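J.: Protein chains in written order, with the numbering used here: chain A, 225 to 677; chain B, 361 to 796.
Following this message is one structure expressed as structure tokens.
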């Protein structure tokens, strides 16, 4: 097996001797969770190809494209592109692009992990911290460029909610059921730090909302300027907090966040600590995949209204629930698998880390990009959405504060997510109207419960 | 040598007080310890006995005994400026009065501590509990007297926020950075008691707010407005009852929760008083009068300062005034956190927040009642939500009993966000300081 590693590395033209430190370096929760979706590469097939260069290239291709159990969804990508170019039904383009995004998100995290093996644990952690949610970031920026600020807000909020409630809830629930007889513990220090960061983010959302409802508010234009300026300053502060969190996580207090070292590691997903593709090929694949993600995201953002009209769901529901489920699918599966194995620290690291990253990095970055472009995006997410966010953070912080877990906690978190989803399913939230009208549950009867934007 | 010194000092008041050695084992309270860091060590050589030299020594101890003494010249400048019209621009008087208040607050806590050495730990604790935030109390009463209710509310709220977020946050941050390798723990029982009291105070603020907002504005008549005021007054009395119980808890039955940890001989060896009881008392009275004068100037010139500096009055009362008033405690907390003595830091910050929330605010309401002013506990939606959030965040931060610098970072940044919010939030021109 080691000779195979050398074979792959010969591609680079030099034989890099990886130090032991680098091999064991980058075992953060994020990396370990997605490694469970990988398949071991079958080199027997490829070794029959005569030319060594082609053989290496094909092996590379196989590793990257087919190395995941989600690879079947890769077929959706060419179909989506074909559908867009040939003007098939726009909802079809939407659905196919969504399906195509799922394996791409997983492959991007795989490639990030491979590159991180060359660059060492700290830079690897940094790479993960910035590119870990590349899909959400790209969707947000593309939606911003098309001036669909509401889609941006809802998709980022939905990502945080999905990480906190859905991913965490299903992991704790399934893990609790699988380990009913065992005691499930985790280190609460990591979850405390993440909860605090999320609370800071919540404050930054709460204040613009309160400004709007406060009795002292003056005319609308001055209020809007105040809210936008406050949001921009808050975003700079949130980025500072995220930077401090990175220093904390990657440098001074690494031991809080290190994945547990087990004696009885099964070689299934975790033993491959050597990179399987070269550094430059990994880099090239990463760039390529990011390009494809950008393309598919553009289709998604452009066709979202058409899909919403056809399917009878509001744009807010699609952005809040459907987009994040797709974007998080790989992490979700990984978190559940690790919860099954009673490795809750990794599940928590994935779910909470992702939520913190979106709340404290992707969202402020989006506001700053909006500032540069000249769009007035603020952090005011309206009463219903901010209330859901606040309750989710509080429930999650409360559930995780004692350091143990059982399936009931997971079930409650999951049901909270279902309730919030149901709420947005039935609520009508037109993006262009007065924000004060957002809280309008115009549900006459269950048959008429599906309201369209 | 020690006994001779004590007898020398007490000659001023004409009697010789015997100092028992056992009394020096009283453990000092947190806030006394914290401000002891701003003191300079008194000169160990004693001049020969003489009334004048004693007086000079006394003067030197009181005035120059702190590193903040450079700010003391601001006081006569402010007074002269106001009386003789030197400064035609009022904002200078405002700034000078603010600067002068900082060392005065510190000196008053020093004097309170000195008196406490004579009266024993319990009365000392009581003295500290009432006079510890004397600056804020006097400022509040003056604002009440000039009917500037908004300044009053904002300054008290800002004091609580500054103690909970700024003082605590900067202490935990710097302490965490200085002690990166060590584990920082503290006793969470003290933090829990303080959090509980703050939550009770929060409830007393939230109810008038919701009461006032749950009725349609056009249906709100005088009767309901009166109800809010009566609710606030009743809540004020109940808050004082809670505070009385807290004092009983802290000073009598459960002292061990609040006792500072074992002393370091280096800094804390001055367990005896350095000035006599009566001289300390006289100095305390004199300083209170000066604080009163400066507070009157501050309250009087706050609008002028706000107009000329282009900052809203709410920002000045919420952020600037408390930072100045708390400067000494702030420095002390940070220094103790740097030495990894988090119990003292928490005692200072949380204790001060509790004292303002459960003592100074209700006292203001009661004083307003006696003066016939309808002041209520409704501080506004934005302000009350900031308060609620700060209490919840701080309680969450402190609930696991250990600390690292990220906790301090988050608390400090929360304070920065709240400050930014009030910086950008301008009150409309029609709203005045005299309503609400």
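Glycine is no exception: its CB is placed at the ideal position from the N, C-alpha and C atoms.
Just so you know, these numbers come straight off a predicted model, no measurement behind them.
Do you know how far the Cα of residue 331 of chain A is from the Cα of residue 631 of chain A?
T.: 31 Å
J.: Based on Cα-Cα distance, which residue from B/521, B/743, B/612, B/765 lies nearest to residue 483 of chain B?
T.: Cα-wise, what sits closest to residue 483 of chain B is B/612.
J.: Can you tell me the Cα-Cα spacing of residue 623 of chain A and residue 644 of chain A, whole angstroms?
T.: 18 Å
J.: Starting from residue 286 of chain A, follow its DSSP beta bridges and name the residues at the other end.
T.: In the DSSP output, where bridge partners are listed per residue, residue 286 of chain A has none listed.
J.: Check whether chain D comes within 7 Å of residue 369 of chain A, counting only Cβ atoms and requiring the distance to be less than that.
T.: The chain inventory of the structure shown lacks chain D, comprising the protein chains A and B.
J.: Please classify residue 284 of chain A: is it buried, with 16 or more other beta-carbons within 10 angstroms of its beta-carbon, or exposed?
T.: buried
J.: Going along chain B in order, which residues have a C-beta closer than 7 Å to the C-beta of residue 416 of chain A?
T.: 760
J.: Could you tell me the distance, in whole angstroms, from the CA atom of residue 765 of chain B to the CA atom of residue 314 of chain A?
T.: 51 Å
J.: Excluding five sequence neighbours on each side, which residues of the same chain lie with their C-beta closer than 6 Å to the C-beta of residue 502 of chain B?
T.: 655, 656, 659
J.: Does the Cβ-Cβ distance between residue 575 of chain A and residue 357 of chain A come in under 7 Å?
T.: It is not a contact, given that the beta carbons lie outside the stated cut-off.
J.: Given a threshold of 16 other Cβ atoms within 10 Å of its Cβ, counted over all protein chains shown, does residue 689 of chain B qualify as buried or as exposed?
T.: buried
J.: Are any of the Cβ atoms in chain B nearer than 7 Å to that of residue 465 of chain A?
T.: yes
J.: Measuring CB atoms only, is the segment 378 to 387 of chain A touching the segment 546 to 561 of chain A, in the sense that at least three cross pairs come out at less than 8 Å?
T.: Because the criterion of three Cβ pairs below 8 Å is met, the segment 378 to 387 of chain A and the segment 546 to 561 of chain A touch.
J.: Verify whether the separation of the beta carbon atoms of residue 396 of chain A and residue 633 of chain A is less than 7 Å.
T.: Cβ distance < 7 Å, so residue 396 of chain A and residue 633 of chain A count as in contact.
J.: Who does residue 414 of chain A pair with in a DSSP beta bridge?
T.: Residue 414 of chain A has no beta-bridge partner at all, per DSSP.
J.: Quick one: residues in its chain with C-beta nearer than 6 Å to the C-beta of residue 681 of chain B, no 5 flanking neighbours on either side, listed in chain order?
T.: 515
J.: Would you mind telling me which residues of chain A sit closer than 7 Å to residue 724 of chain B, beta carbon to beta carbon, in chain order?
T.: Close partners of residue 724 of chain B in chain A (Cβ separation under 7 Å) are lacking, with about 21 Å as the shortest Cβ gap.
J.: Which residue wins for smallest C-alpha separation from residue 785 of chain B, given the options B/671, B/565, B/450?
T.: B/671
J.: Our contact map puts residue 684 of chain B next to residue 458 of chain B with C-beta atoms below 8 Å; I'd like the distance itself, whole angstroms only.
T.: 5 Å
J.: Just to confirm the assignment: which complete beta strand (DSSP E) runs, minimum length 3, are found wholly within the segment 680 to 759 of chain B?
T.: none
J.: Closer than 7 Å, CB to CB, is residue 420 of chain A near chain B or not?
T.: Cβ-Cβ to chain B under 7 Å: yes for residue 420 of chain A.
J.: Mind reading off the beta-carbon distance from residue 742 of chain B to residue 462 of chain A? Whole number of angstroms is fine, and I expect it under 8 Å.
T.: Rounded, the Cβ-Cβ distance is 20 Å, inconsistent with contact.
J.: Under the assumption that residue 506 of chain A contacts residue 338 of chain A (Cβ atoms under 8 Å), give the Cβ distance between them as a whole number of angstroms.
T.: 5 Å
J.: Alpha carbon to alpha carbon, what distance is there between residue 679 of chain B and residue 730 of chain B?
T.: 29 Å
J.: Please determine, among B/499, B/469, B/495, the residue with the shortest C-alpha to C-alpha distance to residue 487 of chain B.
T.: B/469
J.: Check whether the segment 557 to 572 of chain B and the segment 691 to 703 of chain B are in contact - that is, three or more C-beta pairs closer than 8 Å.
T.: As far as the Cβ criterion goes, the segment 557 to 572 of chain B does not touch the segment 691 to 703 of chain B, which means the pair count is below three.
J.: Under 7 Å between the Cβ atoms of residue 778 of chain B and residue 746 of chain B?
T.: yes
J.: When Cβ atoms are compared, which residues of the segment 732 to 752 of chain B fall closer than 7 Å to chain A?
T.: 740, 741, 742, 745, 749
J.: Quick one: is residue 360 of chain A buried, meaning 16 or more other Cβ sit within 10 Å of its Cβ, or exposed?
T.: buried
J.: Is there contact here, the segment 708 to 719 of chain B with the segment 588 to 605 of chain B, by at least three beta-carbon pairs under 8 Å?
T.: Enough Cβ pairs lie closer than 8 Å, so yes.
J.: Give the residues of chain B in contact with residue 579 of chain A, contact being defined as C-beta atoms less than 9 Å apart.
T.: Annotation: residue 579 of chain A has no Cβ neighbours in chain B at a cutoff of 9 Å; minimum Cβ distance is about 15 Å.
J.: If distances are taken between C-alpha atoms only, which option among A/448, A/587, A/391, A/651 comes closest to residue 540 of chain A?
T.: A/651
J.: Does the beta carbon of residue 774 of chain B come closer than 7 Å to any beta carbon on chain A?
T.: yes
J.: Is it the case that the Cβ atoms of residue 335 of chain A and residue 504 of chain A are separated by a distance below 7 Å?
T.: no
J.: Shorter than 7 Å from the beta carbon of residue 622 of chain A to some beta carbon of chain B?
T.: no
J.: Name, going along the chain, the residues of the segment 420 to 436 of chain A whose beta-carbon falls closer than 7 Å to a beta-carbon of chain B.
T.: 420, 421, 423, 424, 427, 428, 430, 431, 434, 435
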